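Only one structure is covered here, and it is reproduced in the block below.
Number of protein chains: 2
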Amino acid sequence: MTDQQSVESHETREKILATASRLFSEQGYDSTSLSQVAREARVSKALIFWHFDSKEKLYHIAVRKTLEPYFIDVAALAGLDEPAQVARLIDQFYDFVHDNVYSVRFFLSLTVQSEGQPDEVLSRVNELYRVFRNSLVSVIDRGRARGVFPPSIDPPRDAALIMASLAGILVQQFVNDGSTPVAKDLIEHLKITVFQRLTGSAAGSPLAGRP
Amino acid sequence: MTDQQSVESHETREKILATASRLFSEQGYDSTSLSQVAREARVSKALIFWHFDSKEKLYHIAVRKTLEPYFIDVAALAGLDEPAQVARLIDQFYDFVHDNVYSVRFFLSLTVQSEGQPDEVLSRVNELYRVFRNSLVSVIDRGRARGVFPPSIDPPRDAALIMASLAGILVQQFVNDGSTPVAKDLIEHLKITVFQRLTGSAAGSPLAGRP
DNA sequence: GTCTATATACAGATAGAC
DNA sequence: GTCTATCTGTATATAGAC
């Protein structure tokens with residue numbers, strides 16, 4: 025086993041993995057054949073089995089790879105007041121979706137299709153979603169405790185509704201037929217609505233222009 | 025061709041169609057084999073081809089059948105004022121989803137997966153969605169014209185955001201892991217938020233208890 | 001490690017008896 | 001109309017040469 029062999033093997037393995045990740049994300053598990061992966065990665069089918077044993081194992085490893093860039097940047101909230109933190113979280117969600125359209129779409133379709141069987145991949149996705157929502161609850165709760173938001177608001181429900189709106193904007197984006205306002209527009213409108221809801225201020229107050 | 029034969033043929037055809045509708049909705053097109061449809065409908069594969077020519081035609085006919093109960097009841101809005109009409113539309117959406125969980129889930133997954141190729145089925149689903157949103161825009165617009173809602177609101181954007189929230193609540197329902205508030209709860213919270221947004225009233229005003 | 005050749009299973013679809 | 005038997009293609013996976 026020479027170094028040269030090791031390196032080449034590693035690169036080929038990665039090439040297969042990258043190709044598989046892309047194809048699974050674009051087409052789903054069933055509709056992606058190993059023949060196609062082999063063709064587009066320019067290797068033989070047999071080599072895929074040598075590296076990954078089975079289609080299912082390849083899939084799981086490829087999906088994990090796709091999930092790698094998924095994380096939440098809590099540090100970016102430091103130094104902002106609560107309304108600005110809420111706005112920042114909303115923007116973070118949008119930017120993340122925007123930067124990962126293909127894979128987000130893929131995981132969304134997985135989520136919608138799965139019949140509630142526990143799935144390792146989905147539980148990881150759900151965890152990220154839950155963490156994000158919990159950040160939102162915390163910020164809103166803190167704002168209420170500090171008197172920035174009125175006591176009449178309901179942090180868990182308001183957070184869940186904001187998350188639903190974000191998820192819905194995401195879905196509409198995938199539908200888009202031209203008659204729906206574009207996502208970026210709706211995000212701005214959501215921030216205005218949320219600001220109004222959380223502070224009780226008059227309509228049209230700009231949350232948008234904040235630092 | 026006796027009547028007896030006609031009737032039996034019709035029943036068998038319907039049995040195949042019902043089985044196919046269910047399996048396609050639960051598993052999708054690729055993951056549903058005609059062998060499975062034949063087995064569960066207790067007929068031979070050949071009979072499926074005799075009745076429907078091909079898997080693709082069976083699919084299209086089965087999907088149309090699934091779409092049959094999809095419609096929007098505009099008559100139910102008569103005699104209500106605008107805020108109540110908005111609330112009624114929101115409730116209608118929720119009830120509809122609740123009554124058609126399986127097929128709604130199926131069409132949602134179709135929508136999310138499709139890569140924007142024009143699809144006869146999806147365009148029908150999109151049309152229903154668009155009609156529903158347009159009803160919402162009309163109601164909000166009329167309310168604004170009549171001075172029930174302030175001029176500062178933005179009917180197309182507000183309607184689109186409400187639709188996004190509804191779609192998002194729908195998606196969250198499919199995810200639900202127990203940590204998210206239940207859909208019915210969020211629907212009520214959405215109505216409160218919308219009422220507040222559209223009328224500029226203080227937090228907590230009940231839109232819920234309206235006729 | 002990487003290939004070609006092959007085994008095996010099952011998909012969609014057809015032929016033809018009844 | 002409904003069946004059994006079969007065709008043809010392609011899928012996952014294996015064997016074995018290099």
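For the record, the sequence lines run as chains A and B. Going by the numbering used here, the first residue of the first sequence is number 25, and it counts up by one from there. Going by the numbering used here, the first residue of the second sequence is number 25, and it counts up by one from there. Even glycine gets a Cβ: it sits at the ideal position worked out from N, Cα and C. None of the values given here were measured: they were computed from a predicted structure.
Using alpha carbons as the reference points, say which of the options lies closest to residue i.
| i | options | result |
| --- | --- | --- |
| Val110 (chain B) | B:Ser68, B:Val149, B:Glu92, B:Val163 | B:Val163 |
| Arg181 (chain A) | B:Lys208, B:Ala191, B:Ala184 | B:Lys208 |
| Leu41 (chain A) | A:Val61, A:Gly52, A:Tyr53, A:Gln51 | A:Val61 |
| Asp100 (chain A) | A:Ile114, A:Leu91, A:Glu92 | Before going further, note that residue 100 (chain A) is Ala rather than Asp in the sequence given. Taking only the C-alpha atoms, the option nearest Ala100 (chain A) is A:Ile114. |
| Phe23 (chain A) | B:Phe198, B:Lys81, B:Gly192 | Here chain A has residues from 25 to 235 only, and residue 23 (chain A) is not among them. |
| Ile211 (chain B) | B:Gly202, B:Asp119, B:Asn200, B:Pro179 | B:Asp119 |
| Lys81 (chain A) | A:Pro142, A:Tyr53, A:Gln141, A:Gly103 | A:Tyr53 |
| Ala169 (chain A) | A:Leu152, A:Asp105, A:Ser203 | A:Asp105 |
| Arg66 (chain B) | B:Leu152, B:Glu38, B:Lys79, B:Gln196 | B:Glu38 |
| Glu35 (chain A) | A:Ser147, A:Pro142, A:Arg112, A:His75 | A:His75 |
| Gln196 (chain A) | B:Ser203, B:Asn200, B:Ala184, B:Arg148 | B:Ala184 |
| Ser78 (chain A) | A:Ser57, A:Arg148, A:Ser203 | A:Ser57 |
| Glu50 (chain B) | B:Val125, B:Leu152, B:Ser147, B:Ile216 | B:Val125 |
| Gly202 (chain B) | A:Ile72, A:Tyr83, A:Ile96, A:Glu151 | A:Glu151 |
| Ser147 (chain A) | A:Phe73, A:Leu91, A:Asp123, A:Pro174 | A:Leu91 |
Given residue i, which residues of its chain have a CB within under 7 Å of its CB, disregarding the five upstream and five downstream residues?
| i | result |
| --- | --- |
| Val121 (chain B) | Val128, Leu194 |
| Val149 (chain B) | Phe131, Thr135 |
| Arg112 (chain B) | Ala100, Leu101, Leu104 |
| Asn200 (chain A) | none |
| Pro142 (chain A) | none |
| Arg63 (chain B) | none |
| Ala227 (chain B) | Unreliable positioning characterises Ala227 (chain B) in this predicted model, as indicated by a pLDDT of 46, which lies under 50. The coordinate reading is nonetheless provided below. Hits under 7 Å: Gln220. |
| Pro174 (chain B) | Gly224 |
How far does the alpha helix (DSSP H) with residue i in it extend, from its first residue to its last?
| i | result |
| --- | --- |
| Gly192 (chain A) | 179–199 |
| Pro107 (chain B) | 106–123 |
| Thr217 (chain B) | 207–223 |
By Cβ distance below 8 Å, which residues in the same chain neighbour residue i in space, the five residues on each side in sequence not counted?
| i | result |
| --- | --- |
| Leu214 (chain A) | Ile114, Ile186, Ser189, Leu190, Ile193 |
| Ser59 (chain B) | Lys69 |
| Pro205 (chain A) | His213 |
| Ile177 (chain A) | Ile164, Arg168, Arg221, Leu222 |
| Pro179 (chain B) | Val161, Ile164, Asp165, Arg168 |
| Ser225 (chain B) | Phe219 |
| Val98 (chain B) | Ser159 |
| Tyr83 (chain B) | Ala44, Phe48, Tyr53 |
| Phe95 (chain A) | Leu152 |
| Met25 (chain B) | Here Met25 (chain B) scores only 41 on pLDDT, less than 50, and its place in the model should not be relied on; the value that follows carries that caveat. Within the same chain, Met25 (chain B) has no close Cβ partners at all. |
In chain order, what residues of the same chain have a beta carbon less than 6 Å from the beta carbon of residue i, not counting five sequence neighbours either side?
| i | result |
| --- | --- |
| Val145 (chain A) | Val87 |
| Val172 (chain B) | Glu106 |
| Leu71 (chain B) | none |
| Gln116 (chain A) | none |
| Thr217 (chain B) | none |
Jot down the residue ranges of each uninterrupted beta strand (DSSP E) in the segment 136–167 of chain A, minimum 3 residues, whole runs only, in chain order.
none
Across the segment 130–149 of chain B and the segment 127–136 of chain A, are there enough close Cβ pairs to call them in contact, namely three or more that are closer than 8 Å?
yes
Mind pulling the beta strand (DSSP E) runs of 3 or more residues that sit fully within the segment 56–100 of chain A?
none
Report yes or no: do three or more beta-carbon pairs, one from the segment 150–159 of chain A and one from the segment 151–159 of chain B, lie closer than 8 Å?
no
Touch check for the segment 40–54 of chain B and the segment 83–97 of chain B: three-plus C-beta pairs under 8 Å?
yes
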